[in-house]
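Note that numbering that gives the first Met the number 0 has the sequence shown beginning at 0, numbered continuously upward.
Yeah, the Cβ is synthetic: ideal placement off N, Cα and C, and Gly gets one too.
Remember, it's a predicted structure, so these values are computed and weren't measured experimentally.
In what follows, a single structure is set out as structure tokens and then discussed.
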Amino acid sequence: MRTGIRRRYTSHAVVDFGIVPVEALASGTPVIGVRDGYTQHQIDDGETGLLYDRGPDNLRDALDRFETDGVALSADDIAATAEKYGVEAFREGMRAAVEDALDSVRIDSGVERTDG
0 MRTGIRRRYT SHAVVDFGIV PVEALASGTP VIGVRDGYTQ HQIDDGETGL LYDRGPDNLR
60 DALDRFETDG VALSADDIAA TAEKYGVEAF REGMRAAVED ALDSVRIDSG VERTDG
């Protein structure tokens, strides 16, 4: 492989959410990952990394494609894509989920509430 190429290859069992691809993206590193599980949603194929179907030949093709074409985004742009998994995004998502849950169980009594 050429020197200076930096990427993260991840191969694992199908998982609901993998932190390794997110950590790599947050550091601006393109990820080569399997096209299944949540990994396929974390990597934007050709932009932030490359996706491949399981199997050694498919992995080899993905590695060759990476060495030939790389990815479209810069390291800074790749790192920015990981922000959707950050603390603030999590906080906002949880807040919205709790508000939606509360709204779904509220009972309208028909009485207007006055504070004071």
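Outcome for residue i when other beta-carbon atoms lying within 10 angstroms are tallied against a minimum of 16
i, result
"PRO55", "exposed"
"PHE65", "buried"
"ALA61", "buried"
Residues near residue i in its chain [Cβ-Cβ closer than 7 Å; skip 5 each side]
i, result
"SER26", "ALA78"
"GLY167", "Since the first residue shown for the chain is 0 and the last is 115, residue 167 is missing from the structure and cannot be characterised."
"GLU46", "VAL70, ALA71, LEU72"
"ASP44", "LEU50"
"GLN34", "Residue identity check: residue 34 is Arg in the sequence provided, not Gln. Excluding positions up to five away in sequence, the list reads LEU50, TYR51, ASP52."
"ASN57", "TYR51"
"MET93", "none"
Start and end residues, beta strand (DSSP E) containing residue i
i, result
"LEU50", "48-51"
"VAL33", "30-33"
Residue i - containing alpha helix (DSSP H), residue span
i, result
"GLY92", "86-104"
"PHE65", "55-68"
"THR80", "74-80"
"ILE18", "18-25"
"THR38", "38-41"
Residues of its chain near residue i, where Cβ-Cβ distance is below 6 Å and the 5 sequence neighbours each way are ignored
i, result
"PHE16", "TYR37"
Rounded separation between residue i and residue j - CA only
i, j, result
"TYR84", "ASP107", "36 Å"
"LEU101", "THR80", "31 Å"
"VAL30", "ALA23", "7 Å"
"ASP75", "SER103", "40 Å"
"THR67", "ARG105", "57 Å"
"ALA88", "ARG59", "35 Å"
"VAL110", "ALA95", "26 Å"
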